[in-house]
Amino acid sequence: MTPDAAASGGREGAVDAGVAPRAGWPWWSARAGEAPRGPSADPELEALEARVGLRAEVAWGWARLAPKILGPLLELGPRCRPLSMTGGRLVAVELHAMPTIPDVEGWLRDVRHVQTGSVEVCAALADGTRSFVVDSEACARVVLARTDARLVRQVDRERGNREGWLEAPDLDAGFVPILRLSHAVWLAWDGDDGRAISVMTGKGRPHFVGRGADRLGTRIGPQGPMPYRVAPHPGAEESQRAAGGSGWAAAVHRTDGHPPQVVTARGDWWAAILPYRENTSAWSDDFAHWWRHHPGHPLLGWPRGYRFDGAGVTIHRAGEGRVEMALAGGFRVFVWRDGALALVARPETVLDQVRASGGELPPGSEALAAIETHALGAPPEVREFGLGSGERLLVCTESVIAHVGLEVLARCLGGDPYRAANDIAIFLETAGAPGLALVLTPKATTEAASAGSAGSAGSAGSAGSAAAGPEAWLPALDVALGPRDDAGPVGLPRWAIHRGFPIHRVEMASVPHVWLHALRAAVGRAHPSPEPGDLLRVSLTEQRSFQLQFDGTDWQQFSNAYRPTEGVVLEGSLRFPEDTPSERLEAAWVEASRTRARPATLAVVAEEEGCAAFALWLRLIEAHRSGEPVAGLVEASERVSAGARARCARLLPDESYVHRVEAGSLLAHPHHFHGCVVRFRSRVSEGFERMFVGGAWWNPVGGEEGVPRMRTYFADVEATWVSESGHGYGHFDLCPAQACGKATEIAGPREARRVDAEALHRGRVREGVPLRVELELECHKHHWEWRGHHFPRPAGIDYEAPQRCRADLIVALVESIVILTVLDRVVLPA
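Numbering (the working numbering), first residue to last: 381 to 1210.
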């Protein structure tokens, strides 16, 4: 029996893992030991990859050499997708059709693995040595006629059988995806700008260079940060907060109906739960909340009124080197030591019980291996074992073993747990399979990091700081319930304790995780003798407030549809540590504001004076305003008072650093770039009350004297971006931001990438990029119209009678569609 089969409860694998193409085809390739047929694009970089593996500098090096490695294949766009360029050669590729380019055999000579649905491609490339993943019987017949069956896998994507097929990311056609770097992050070749770039996929705007406000830089690698923000922000649902911490990390890939979850509790407790059917919409959050209060018996008792149908496992690190485990189906548990995985526990099955009883095995009894005898609510299997120095504990679902394999898992676990979780998450996401893997070291802990750990995040944006996960690198939120007459900055959040309310059922999503523990500690100091039913309400802004209610034991989350106004016992202002700075911090703050010193200068004093969260935010904001792509700035901002952030607005770095962003990012998140110098392409509107660019009020510098003439044009813009929260700019303060700088008009190009008119109409094209499209227009005297879109009459075209025409155009989309060049026009019959 193979190790994979043993780990799967006795089911034999059909194909040797060392030969078969597997889901999540690894960049390093299971068959990379074969001698290459052509020279490397860069022998020095190939030697570095052989020595250190696929690190960020290696991946980005090959991506920048994509034109040399792929040649004319790069111009085919989505029709030719590289799946592996290890060693500076095209080793694995997806082809929609056989390329019609000169010397196509030469460009494909090193390809060892092909993914295709084209019979033509199969007939041309099947030579008996290449492995194939195909999605039709016709393709399979052609390949099997020349190739060992162990090298061929057929899938049926329409029916959901996609194992082995690497799905393409949802990106604009201008990007050629090269390598998945992390959760929803791809290293790609930007065909529009001719450069390697990291791109975040996602709903709504899948072509952002970055994910909304958080941009990604060249220091993120395939072994870099924990699946990039796979853990939602601290205000997300309770069951989805655990993604990584000190000495541990989890890779979770969810589906809508059956979402596996990882939950942590104080005292070094971890729980993993896996539903067997679609439960109530909040069942996982209910379980997480209840279990955090009862970790000692996590799989036996349940809140009244709830029924959970699934499997679970809990891990308790009782001391360094000692682990207690309770397993109730669904998960496999391994210990990694000396580069190999040893199976510690798996769910007991009916087949195991039959074998243990000594009974005869009837024909077809292997099917009994799929029926587990343990589940949530039944007595679990309890076990205790040791975990030595340098070892790793792996808890995973069977899907992880099926889609990653023990061989690759053993390689992943040899390094940092965050990198291991990232690699596993990439495999699961690529395969489209739900699964969970939890990796723990002997010193793993669920306790929050000490305040001193904030200093390690000084190199903002590095893999080390970004990888640490939400609980490991962010200081704990520290607030105090100050008195009402306490002098301090204007506009402090208000709080009040109301008495005389009945105890209500707890609501899960009412109070973000970071605020829950902070407010419990703060109210314990300000109101040490609460009565059951007491209600704490904190109003951060007019639209945002939190409520906790004392249930007789502890302050719990609480949500209702009204704002209590009666029964006020205590009230006051919510204070952050930086709202009441020490004399030394206040003096440093005043001096920094007077001299416009760099934020990092003030951060040193703030950290020494006990304001760790404020110090971290200062370091991150300086890195961000200096052009660095920073992850975690939004989370860090939540731990700093709004008054302190506003007071630091003048602490700006030199303006020699520029953010290269897309106009869509500025439109979606204008406040994130406050105080930054940005460079982007956009439509520019000038003249009187029509001064707009990228959604901001436009203030040109160094242009014509007086009021600019009325015109609209497409330009490269470099400007200082100002967007303070709560402020308006421009005519009647209607704009959320102001851009002050220079715009260089872009002459209409004669060539551009062709797109579909429907994609342009729906906004599913990349913004700020010249595109070629053919449209049927209604041409009026002063403007043209197409499907509700209105365009100013292009320059150089005289007034003419109303008519319909078919036009070949070069356009760009930013806020609206702008016509850059009219290549051809044909008047249509009336």
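We put the beta carbon where it would ideally sit given N, CA and C, even for glycine.
Since the structure is predicted, the reported quantities are computational estimates derived from the model, not experimental observations.
Check whether residue i and residue j have beta carbons under 9 Å apart
i, j, result
"R763", "V819", "no"
"W935", "G904", "yes"
"A1016", "L996", "yes"
"A576", "P458", "no"
"V522", "R510", "no"
"F1053", "C1115", "no"
"R1061", "A1095", "yes"
"I481", "M465", "no"
"V556", "A446", "yes"
"V484", "T496", "no"
"A520", "V532", "yes"
"F930", "L916", "yes"
"Y1093", "V1198", "yes"
"A782", "H633", "no"
"A1026", "E1147", "no"
"G768", "R717", "yes"
"R1186", "L1200", "no"
"T777", "L723", "no"
"A790", "A902", "no"
"V918", "L857", "no"
Residue range of the beta strand (DSSP E) that includes residue i
i, result
"E1066", "C1056 to E1066"
"V1081", "Neither: V1081 is in no beta strand (DSSP E) and is coded neither H nor E."
"W935", "W935 to Q937"
"R917", "L915 to S919"
"R772", "R772 to T777"
"P462", "C460 to S464"
"G815", "G815 to T825"
"R533", "V532 to Q534"
"E474", "A472 to L475"
Buried versus exposed call for residue i [16 or more other C-beta atoms within 10 Å across all chains shown]
i, result
"G1082", "exposed"
"E958", "buried"
"G794", "exposed"
"D536", "exposed"
"P863", "exposed"
"V1191", "buried"
"S909", "exposed"
"Y1109", "buried"
"A1029", "exposed"
"D1177", "Here the sequence assigns Ile to residue 1177, which means Asp is not the residue at that position. Counting Cβ neighbours within 10 Å, I1177 comes out exposed, since fewer than 16 surround it."
"D1068", "The sequence given here has Phe at residue 1068, not Asp. Flag for F1068 reads exposed."
"G604", "With a pLDDT of only 28 at G604, under 50, the local geometry of the prediction cannot be trusted, and the value read off the model is given with reservation. Under this definition G604 is a buried residue."
"E426", "buried"
Rounded separation between residue i and residue j - CA only
i, j, result
"G766", "R1005", "48 Å"
"F711", "V775", "7 Å"
"G990", "S953", "20 Å"
"Q1118", "L861", "36 Å"
"V473", "F926", "52 Å"
"L1111", "H907", "The amino acid occupying residue 1111 in the given sequence is His; Leu does not appear at that position. Those two C-alpha atoms are separated by around 48 Å."
"A1139", "V1145", "6 Å"
"G418", "G468", "10 Å"
"P1150", "I1126", "10 Å"
"G508", "T527", "4 Å"
"G486", "S498", "20 Å"
"A403", "S779", "Low per-residue confidence applies at A403: pLDDT is 31, beneath 50, and the placement is therefore not dependable enough to give any value."
"Y798", "L1047", "33 Å"
"H1162", "R1091", "13 Å"
"D1204", "P1174", "13 Å"
"E787", "A801", "15 Å"
"L1157", "P944", "58 Å"
"P401", "A651", "Here P401 scores only 31 on pLDDT, less than 50, and its place in the model is too uncertain to base an answer on."
Terminal residues of the alpha helix (DSSP H) in which residue i lies
i, result
"A520", "E517 to L524"
"R646", "Counting along the chain, R646 falls outside any alpha helix (DSSP H), and DSSP gives it neither H nor E."
"L877", "Residue identity check: residue 877 is Ile in the sequence provided, not Leu. Segment R874 to H878 is the beta strand (DSSP E) holding I877; no alpha helix (DSSP H) there."
"H1051", "Note, H1051: premise wrong, no alpha helix (DSSP H); not H, not E."
"H493", "It is not in any alpha helix (DSSP H) - H493 instead sits in the beta strand (DSSP E) that spans H493 to T496."
"T975", "E963 to T975"
"R999", "A992 to R1005"
Q: Any chance you could list the beta strand (DSSP E) runs of at least 3 consecutive residues sitting entirely within the segment 696-730, in chain order?
A: Qualifying beta strand (DSSP E) stretches, in chain order: 702-708, 711-717 and 720-725.
Q: Write down every uninterrupted run of the beta strand (DSSP E) in the segment 1122-1210 whose length is 3 residues or greater and which is fully enclosed by it, in chain order.
A: 1151-1159, 1163-1166, 1169-1172, 1183-1194 and 1196-1207
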